[in-house]
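There are 2 protein chains.
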Amino acid sequence: MSVTAPRGFEAAGVAAGLKATGKPDVAVVVNRGPLKTGAAVFTSNRAKANPILWSQQAIADGVVEAVVLNSGGANCFTGPFGFQTTHQTAERAAELLGVSAGDVLVCSTGLIGTGDEVFRAKVLAGTAEAIATLSADGGDDAAHAIMTTDTVAKTSTLAGDGWTIGGMAKGAGMLAPGLATMLVVLTTDAVLDAAQADAHLRAATRVSFDRLDSDGCMSTNDQVTLMASGASGVEPDPTAFRAALAEVCTSLAIQLQCDAEGASHDISIEVIHAASEDDAVEVGRSVARNNLFKAAVFGNDPNWGRVLAAIGTTGADFDPYAVDVSMNGVRVCSDGGPDRPRDEVDLTPRATHVLIDLKVGDASATVYTNDLTHDYVHENSAYAS
Amino acid sequence: MSVTAPRGFEAAGVAAGLKATGKPDVAVVVNRGPLKTGAAVFTSNRAKANPILWSQQAIADGVVEAVVLNSGGANCFTGPFGFQTTHQTAERAAELLGVSAGDVLVCSTGLIGTGDEVFRAKVLAGTAEAIATLSADGGDDAAHAIMTTDTVAKTSTLAGDGWTIGGMAKGAGMLAPGLATMLVVLTTDAVLDAAQADAHLRAATRVSFDRLDSDGCMSTNDQVTLMASGASGVEPDPTAFRAALAEVCTSLAIQLQCDAEGASHDISIEVIHAASEDDAVEVGRSVARNNLFKAAVFGNDPNWGRVLAAIGTTGADFDPYAVDVSMNGVRVCSDGGPDRPRDEVDLTPRATHVLIDLKVGDASATVYTNDLTHDYVHENSAYAS
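Those sequence lines, one after another, are chains B and P.
The opening residue of the first sequence carries number 365 in my numbering; numbering runs sequentially from there.
The opening residue of the second sequence carries number 365 in my numbering; numbering runs sequentially from there.
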């Protein structure tokens with residue numbers, strides 16, 4: 365059901381010919397209200413795609429009627445023509461839906477530099493076709509239409525106390541968010557105003573998408589949008605709603621991790637006893653971005669020296685000679701020295717857990733990443749084709 | 365001739381059994397004077413190996429009599445026992461050379477966590493054996509003894525106006541310096557005092573080793589040492605000497621780049637018209653660390669979108685929509701949009717040139733890196749063996 369699980373939403377996904385495979389590539393998600401509350405977070409990459417530049421303006425008033433998303437082209441670094449394409453996409457959707465273009469967000473994903481006349485024509489036609497087929501059961505179709513190298517559609521739903529949250533996500537590479545990541549649409553029938561939606565969204569993405577770092581590469585097109593229809597008539601308990609939204613976001617983030625291009629291990633790097641949550645995230649992210657560590661995990665090698673070398677490059681508060689490191693439950697390093705023998709560690713399961721005890725304070729965080737594999741190199745050396 | 369090219373130096377390299385292959389693994393370089401000037405720069409990784417902790421103390425007085433180097437074990441995260449091993453190595457060398465242990469630097473390279481009783485015994489025996497075979501022709505033997513996954517020994521010499529500089533280096537992985545990189549010993553018979561040696565060394569490494577970033581992974585053991593014997597009796601022109609030292613360091617850095625583990629392309633990322641040299645280096649390094657860009661080069665794919673996406677993550681002064689990018693002489697992106705067709709770019713040569721024009725100021729810098737290949741993943745997933 366994905367984004368159409370909550371009351372008040374319709375969605376569709378259609379094949380507009382942007383993908384050479386002929387698979388669905390344009391999705392539309394519409395909020396039928398009664399509220400039209402919206403919030404969004406965007407990539408912090410300074411090189412922003414045209415749909416990001418558009419959507420940042422459109423979200424300013426906290427009102428979102430619809431989101432149009434396409435795969436098969438990022439419309440990034442395509443100049444003024446590309447921005448006009450995004451603008452025309454919002455206008456076409458607005459005209460057909462009878463709303464203001466300034467309340468239609470646009471998201472694109474695919475190869476950077478793609479956004480010519482043919483691309484524009486297909487996106488505009490696909491937008492119209494998707495709107496013509498909108499349905500309260502269209503959530504799954506929409507989730508499929510935003511896939512690129514994803515092998516499965518990513519959706520999540522959660523039922524709260526009288527309200528529901530639904531979500532869909534795409535992303536399989538260039539997964540290293542700064543603020544937001546990938547294309548994600550979240551919907552809820554809870555009653556929220558724009559300020560509440562914004563605060564809930566930022567809090568939820570901070571502990572979910574922001575802690576996913578598959579390959580250290582930040583995209584130009586990342587966007588996470590939350591729409592609230594208020595159709596349940598229920599004003600949610602703020603703490604419960606925020607926790608539920610974080611849970612949906614974490615579910616989608618983990619689905620992204622598990623489908624990352626070429627990965628053979630899903631690695632959770634849990635940092636405990638840090639001086640601050642920021643320190644814990646910095647340490648976890650540094651390990652997540654260390655190619656030597658990631659290649660070692662691919663080879664089922666519990667190379668804790670590479671973990672410590674990565675921690676050493678951070679500014680976090682810790683004593684390198686007091687740190688403990690465990691891998692899949694075996695403490696291979698204690699107080700910065702060898703502990704249990706490496707061969708006690710079984711790294712053959714896909715799920716890999718690295719526990720880093722900084723022994724400084726009470727804060728903790730988990731960062732999610734993947735290993736560095738032959739398949740990752742292969743898929744990303746041939747992506748442009 | 366490497367480090368024994370200048371007058372006043374002797375060196376040796378011997379097989380002490382640290383390497384399973386039986387190849388040479390302990391090197392000693394001795395300064396016979398008359399001056400015993402020394403300077404050194406070290407990894408900025410906060411997780412520092414025992415030889416780094418020792419050598420940082422030993423260099424404080426600006427006097428270096430000798431450097432003992434071993435491959436086959438990093439002696440990092442080996443606790444107080446490992447530090448004692450380094451200390452004993454310096455004492456053994458000092459005793460045999462008739463100098464102070466505080467004037468003997470120690471460098472180690474190999475697997476982190478290696479440094480037990482067997483390691484200690486072999487290093488101490490190898491140090492004695494190397495000192496017994498010291499020779500004014502021993503520079504090449506020393507250069508071979510510090511190799512790990514290097515496929516070739518790296519040496520460089522340069523003759524100045526009455527003085528000579530010699531150098532040797534090792535390093536094939538974990539190549540991302542902070543201040544210094546890898547194990548490097550530089551020698552000169554020029555007349556230098558400690559302050560001059562330190563200033564020249566820092567200036568030379570800043571524009572050479574500091575701009576080599578093969579895989580983004582900073583080592584725990586990096587050290588670059590300069591020794592001056594004064595045996596030429598010539599006080600060099602400071603500007604000429606600094607330029608010559610930078611040339612030797614750049615030659616060694618390029619040799620490291622060309623022998624990087626598993627690489628199939630040597631990539632020079634030249635950033636021009638930056639607001640500052642720091643901006644140029646930051647932009648170059650961000651591209652050098654982008655796995656998607658590096659995988660694309662491996663696949664001979666001129667994916668300029670990934671270059672721009674990497675630049676966008678920096679704090680450098682630039683307008684993403686004004687940047688030009690050329691690859692091997694073909695301008696594939698101008699003003700942040702597509703320019704020449706991708707298929708005009710020939711990325712089959714090993715030497716790859718990426719030119720990034722930020723169009724902001726007058727500063728420039730070149731960062732040296734490699735592509736991300738199947739062989740890199742393979743070699744680094746099996747390194748512990």
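Note that the Cβ used here is the ideal one computed from N, Cα and C, for glycine as well.
Item, Value
"Residue range of the beta strand (DSSP E) that includes B:Ile-510", "Run containing B:Ile-510: none; DSSP gives neither H nor E here."
"Separation of B:Asp-703 from B:His-637, as counted between CA atoms", "19 angstroms"
"Touch test, the segment 656-665 of chain P against the segment 378-396 of chain B, Cβ-Cβ under 8 angstroms, three pairs minimum", "no"
"Span separating the alpha-carbon of B:Val-694 from that of B:Leu-711", "11 angstroms"
"Under 7 angstroms from the C-beta of B:Gly-750: neighbouring residues of chain P", "Lying before the first or after the last residue shown, residue 750 of chain B is absent from chain B, which here runs from 365 to 749."
"Assigned exposure category for B:Thr-473 - 16 Cβ within 10 Å defines buried", "buried"
"The alpha helix (DSSP H) enclosing B:Ser-640, as first and last residue numbers", "Premise fails: B:Ser-640 is in no alpha helix (DSSP H) and is neither H nor E."
"Chain-ordered neighbours of B:Ile-675 on chain P, where CB pairs are closer than 7 angstroms", "Ala-411"
"Reduced DSSP secondary structure (H/G/I, E/B, other) of B:Gly-372", "coil"
"Own chain partners of B:Val-731 with C-beta closer than 7 angstroms, once the 5 adjacent residues on each side are dropped", "Arg-575, Asp-577, Ile-633, Val-645, Gly-648, Arg-649 and Ala-652"
"Exposure of B:Asp-505, with buried meaning 16 or more beta-carbon neighbours within 10 Å", "buried"
"Inter-residue Cα distance where the pair is B:Gly-542 and B:Met-582", "Confidence is the limiting factor: at B:Gly-542 the pLDDT is only 49, short of 50, which leaves the residue's position unreliable, though a coordinate-based value still follows. Approximately 7 angstroms, taken between the alpha carbons."
"Validate contact between the segment 590-602 of chain B and the segment 544-556 of chain B using beta carbons, cut 8 angstroms, 3 pairs", "yes"
"As assigned by DSSP and simplified to three states, the class of P:Lys-723", "coil"
"Exposed unless 16 or more other CB atoms sit within 10 angstroms - verdict on P:Thr-545", "Low local confidence applies: a pLDDT of 48 at P:Thr-545 is under 50, so the model's placement there is unreliable, and no value is given."
"Interface positions of the segment 502-527 of chain B facing chain P (Cβ-Cβ less than 7 angstroms), listed along the chain", "none"
"Closer than 8 angstroms to chain P by CB, B:Thr-545", "With a pLDDT of 48 at B:Thr-545, under the threshold of 50, the predicted position of this residue should be treated as unreliable, though the coordinate-derived value follows. Output row for B:Thr-545: interface = no."
"P:Tyr-740 (DSSP reduced to helix, strand or coil)", "helix"
"DSSP three-state assignment for B:Pro-702, whether helix, strand or coil", "strand"
"Among B:Cys-613, B:Ser-499 and B:His-629, nearest to B:Gly-530 - alpha-carbon criterion", "B:Cys-613"
"P:Cys-697: contacting residues in chain B (beta-carbon distance under 9 angstroms)", "Phe-441 and Gly-477"
"Residue from B:Val-661, B:Thr-733 and B:Asp-643 with nearest C-alpha to B:Asp-726", "B:Asp-643"
"Nearest-angstrom Cβ-Cβ length linking B:Leu-722 and P:Phe-441, presumed shorter than 8 angstroms", "With a Cβ gap of about 15 angstroms, B:Leu-722 and P:Phe-441 do not count as contacting."
"Below-8 angstroms beta-carbon distance, P:Met-691 vs any chain B residue", "no"
"Residue environment, B:Thr-528, which counts as buried when at least 16 other CB atoms sit within 10 Å", "buried"
"Any C-beta of chain B under 8 angstroms from that of P:Cys-471", "no"
"Interface flag, B:Ser-583 vs chain P, CB-CB below 8 angstroms", "yes"
"Alpha-carbon spacing of B:Leu-361 relative to P:Tyr-685, whole angstroms", "This structure leaves residue 361 of chain B out entirely; chain B is present only between 365 and 749."
"Three-way DSSP call (helix, strand, coil) for P:Thr-401 in this model", "strand"
"Inter-residue Cα distance where the pair is B:Leu-460 and B:Ala-379", "19 angstroms"
"CA-to-CA distance, P:Ala-403 to P:Trp-668, given in whole angstroms", "41 angstroms"
"Residue-level contact to chain P via CB, B:Pro-702, 8 angstroms cutoff", "yes"
"Nearest residue (CA-CA) to P:Ser-690, options P:Ile-631, P:Ser-435, P:Asp-501 and P:Asp-525", "P:Ile-631"
"Contact under 8 angstroms by Cβ, B:Trp-418 with B:Ala-376", "no"
"Cβ of P:Ala-715 within 8 angstroms of any chain B Cβ", "no"
"B:Ala-424 to B:Asp-467 span [Cα, whole Å]", "9 angstroms"
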